[in-house]
Structure formats: structure tokens, C-alpha cells
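**Student:**
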Amino acid sequence: MGMGKSDVFHFHADYWTTDNTLNTEDLALSFSGDQESDAKFPEYNEVVFDEYLTVFPERTYFPPLSSNGMTALEFFQTRQDVLSGGNQSVTGWEQWEPLNYADHFSNNSNNGVEWYGVNGNFDDNHRGTYIRWGFRWNGEADWSSPDHSGGIGSIHGSAGDNNMCAGQGIYNGDDSCGWTAYPAYLFGRVN
């Protein structure tokens, strides 16, 4: 699957939950200038991969996750709490350090809460934190005001992250609130 800086693969898009395809002839998946493309290939619906990996060409990647014997169609409809709570770390999370909030997963001094996983369709969806694969966190000890969320299949767009005005200054050095989109590739690997 390839995601441009669009909202084609937002959280509620039927591409995550329906046996369909998009732009299957677009094997090059360009992410430059006006040539950004979105595509979903038949393998998403049909192949049971051993693990999945998301790569963000402008940023980095999410560490691979086991498929648990599921096709991507099944995988991204199943809630998986890879990390939930506080003062824990995700292998490879340091790859997100340029976004400044990555240290909250390993150095949470405010007793805040974090979540990293798959199909995060939270009951509260406070400030738009639904995400198909990614994270959300809050500097306080509850989910009443999540500060950040990001990954693929967000409520805001196909891939990117959302600053909910926590004053972290993570978007190009300024404190503006909002969504920052970037392209992403979703890969499946078979051993």
C-alpha cells in the first residue's frame, strides 16, 4: 500500500475494511511534487504476511509488527495494544526522536499516558486521535486531553501526525496546532 499526503486512507476509509483495490497499475508509487500517488494492491486483501512494516520516506519507520497470522485486511481491523500505559519503550521508537515527543515513551516524567498499536478506535476519540497504526499520548495521567497522535490511517489523513496544541513546538520549530501529512509505504513480509 502506498499513501501520499492525502486523506484517501483516513481512518474511516473503506480501504482498511473492505476487499477492494486502488490504482493497482501504479507500481512506481511516486511521492514527489505533484506526482504523489495512493494505491492499495490485492495482496493487502489476500496474503497472510508474517509481519508488517510502515516506512515514512520523509521521516523514518515504525518497527515491524507480527501479523499474528492475519491478512492486512484482518490485521488493520483488529485492536492490538502494543504499548499502553506509562514509562515503557517501543523498540525502534528512537527513530521518531526528530519529532521531539518520542522521549515521552521512554522518559515520561508527568505520569502521562501513552498508546502505540493497531486499530486505535478509542471510545473518546478526543481531539481526533483514531489511528490504524500509530500512537497517541497525553502528558497528564488520563485521556481527557490527548496531546499528540500520529501514524497511518488517522482521522485526519492517510499518514502523518497531529499536534493538539500542547505547546511542544514539534512542527518545524513552531508551536502551531494541527495535522502534518507525509507519505508512507506499508509493506508485508513473508519468511
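Heads up, the sequence shown is in the working numbering, so the first residue is 1 and it goes up one at a time. Glycine residues also receive a C-beta, built at the ideal position from the N, C-alpha and C atoms.
In the structure shown, what three-state DSSP assignment does E43 receive?
**Tutor:** Helix at E43.
**Student:** I think R136 touches E51, with their Cβ atoms under 8 angstroms apart; what is that distance to the nearest whole Å?
**Tutor:** With 8 angstroms as the limit, R136 and E51 do not qualify as a contact, their Cβ atoms being about 23 angstroms apart.
**Student:** Would you kindly check if the distance between the Cβ of Y130 and the Cβ of S154 is under 8 angstroms?
**Tutor:** Yes, these two residues count as a Cβ contact at 8 angstroms.
**Student:** According to DSSP, is D26 helix, strand or coil?
**Tutor:** The answer is coil: DSSP assigns D26 none of H, G, I, E or B.
**Student:** Of the residues N45, L73, S37 and G178, which one's Cα is nearest the Cα of Y185?
**Tutor:** Taking only the C-alpha atoms, the option nearest Y185 is S37.
**Student:** Determine which residues share a DSSP beta bridge with L53 and list them.
**Tutor:** L53 pairs with F187.
**Student:** Identify whether E74 lies in helix, strand or coil by the three-state DSSP scheme.
**Tutor:** E74: helix per DSSP, three-state reduction.
**Student:** Quick check: what's the CA-CA separation for G160 versus D147?
**Tutor:** Distance between the alpha carbons of G160 and D147 is about 15 angstroms.
**Student:** Just list the residues that DSSP pairs M1 with in beta bridges.
**Tutor:** Its beta-bridge partners do not exist; DSSP assigns none.
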